[in-house]
Amino acid sequence: MVAYDALKEAIIIGDEEKVPSLVQKALDEGVDAPDILNNGLIAGMEIVGRRFKAGEMFLPEVLFSASVMHKGLDLVNPLLAKSGHKGLGTIVIGTVEGDIHDIGKKIVGFLLEGTGYNVIDLGVDVKADSFAQAVAKHNPDVLGMSALLTTTMPRMGTTIELLKEKGLREKVKIIIGGAPINDQFASSIGADGYALEAGSAVDLVKKLLAG
Ligand code: B1M
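Residue numbering for the sequence shown follows our numbering, beginning at 168 and increasing consecutively.
Rendered as structure tokens:
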């Protein structure tokens with residue numbers, strides 16, 4: 168019997184010893200890696216995402232949960248690759264050109280990764296052309312752009328225009344976020360959605376990929 172409740176709890180409280188030891192124990196008992204991923208690691212991070220969204224967990228706690236979850240992921244990942252396990256989808260994410268704020272974007276990436284998506288983080292100060300190249304190269308399901316400055320938010324529109332020019336816009340859903348962004352701005356530049364915070368970003372991605 169796998170101690171999934173204990174594993175989820177260890178992720179929530181950020182117990183860096185218990186997470187890998189419980190994952191290893193489950194693997195030693197012959198539990199499938201995808202089972203551990205879905206019912207333990209992802210399930211734990213989903214609770215973290217919900218609590219963060221509800222204001223019941225704070226930023227440093229989320230970062231800690233994400234880092235201990237990674238310790239568990241490191242153990243199951245090689246086995247997932249062998250079993251041909253596919254994630255829920257691929258997300259390319261980055262902070263737009265001229266902007267080096269990345270704390271919020273990283274949390275969005277961690278929560279998406281933690282809930283089963285393959286996340287490719289392009290970093291900060293990402294030019295429109297680099298976003299376009301990444302879409303062409305990785306063929307992601309979703310492109311996520313973050314901006315924290317009112318002076319850099321127009322770059323999101325520039326990127327979408329470039330994707331249109333290159334015939335890539337229709338191949339990918341686009342979500343945006345960051346403190347100065349709102350729904351109205353997202354609609355005005357033709358993004359598929361806006362998320363106020365990281366938990367909502369996960370819900371938005373799920374919704375966009377479901378329909
Ligand atoms: Co800067 N900064 N900063 N800064 N900074 C702000 C954004 C600012 C509001 C501070 C202020 O003046 N009150 C202001 C912007 C004003 C404006 O544009 N109207 C500002 C400024 C002016 C600047 C500089 C220009 C300062 C200067 O040098 N004169 C400079 C710009 C540098 C540049 O980017 N070119 C600058 C620099 C920096 C630091 C390097 C010192 C540092 C960044 C460190 C880093 O990120 N590695 C920094 C910081 C830390 C901040 C504040 C204090 C905090 C930002 C943050 O990390 N918040 C910020 C003030 C503030 O927001 N209170 C400020 C915590 C984080 C968890 O929240 O990033 O909002 P947030 O992310 C949330 C949501 O927005 C959302 O989910 C996240 C998690 O819930 N979200 C997404 C974010 N991205 C998303 C993407 C999605 C979906 C949701 O989909 C893809």
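Glycine included, each C-beta is placed from N, C-alpha and C at the ideal position. For clarity, every value in this text was computed on a predicted model and none was experimentally measured.
Under the three-state reduction of DSSP, which class applies to residue i: helix, strand or coil?
i: residue 244; result: helix
i: residue 317; result: coil
i: residue 205; result: helix
i: residue 339; result: coil
i: residue 312; result: strand
i: residue 267; result: coil
i: residue 215; result: helix
i: residue 235; result: helix
i: residue 358; result: coil
i: residue 292; result: coil
i: residue 282; result: coil
i: residue 276; result: helix
i: residue 169; result: coil
i: residue 259; result: strand
Look at the alpha carbon of residue i and the alpha carbon of residue j, and state the distance between them as a whole number of angstroms.
i: residue 239; j: residue 185; result: 9 Å
i: residue 272; j: residue 262; result: 7 Å
i: residue 131; j: residue 307; result: Since the first residue shown for the chain is 168 and the last is 378, residue 131 is missing from the structure and cannot be characterised.
i: residue 290; j: residue 330; result: 19 Å
i: residue 191; j: residue 249; result: 17 Å
i: residue 348; j: residue 325; result: 15 Å
i: residue 372; j: residue 364; result: 12 Å
i: residue 359; j: residue 374; result: 11 Å
i: residue 173; j: residue 179; result: 10 Å
i: residue 292; j: residue 245; result: 32 Å
i: residue 232; j: residue 278; result: 10 Å
i: residue 213; j: residue 175; result: 9 Å
i: residue 305; j: residue 228; result: 31 Å
i: residue 198; j: residue 339; result: 35 Å
i: residue 218; j: residue 370; result: 13 Å
i: residue 368; j: residue 312; result: 11 Å
i: residue 327; j: residue 357; result: 7 Å
i: residue 283; j: residue 237; result: 12 Å
i: residue 335; j: residue 316; result: 26 Å
i: residue 299; j: residue 258; result: 13 Å
Do residue i and the ligand B1M come close, with the Cβ less than 7 Å from some heavy atom?
i: residue 272; result: yes
i: residue 353; result: no
i: residue 376; result: no
i: residue 323; result: no
i: residue 265; result: yes
i: residue 256; result: no
i: residue 212; result: no
i: residue 362; result: yes
i: residue 342; result: yes
i: residue 345; result: yes
Taking residue i and residue j to be in contact with their CB atoms under 8 Å, please state how far apart those CB atoms are, rounded to whole angstroms.
i: residue 247; j: residue 200; result: 5 Å
i: residue 177; j: residue 189; result: 6 Å
i: residue 319; j: residue 269; result: About 12 Å separates the two Cβ atoms, so there is no contact after all.
i: residue 310; j: residue 274; result: With 8 Å as the limit, residue 310 and residue 274 do not qualify as a contact, their Cβ atoms being about 18 Å apart.
i: residue 220; j: residue 366; result: 3 Å
i: residue 204; j: residue 169; result: Going by Cβ atoms, the distance from residue 204 to residue 169 rounds to 12 Å, so no, they are not a contact pair.
Per DSSP, which one or two residues make a beta bridge with residue i?
i: residue 182; result: None, per the DSSP bridge assignment.
i: residue 344; result: 313, 362
i: residue 327; result: The partner list for residue 327 (beta bridge, DSSP) is empty, contrary to what the question assumes.
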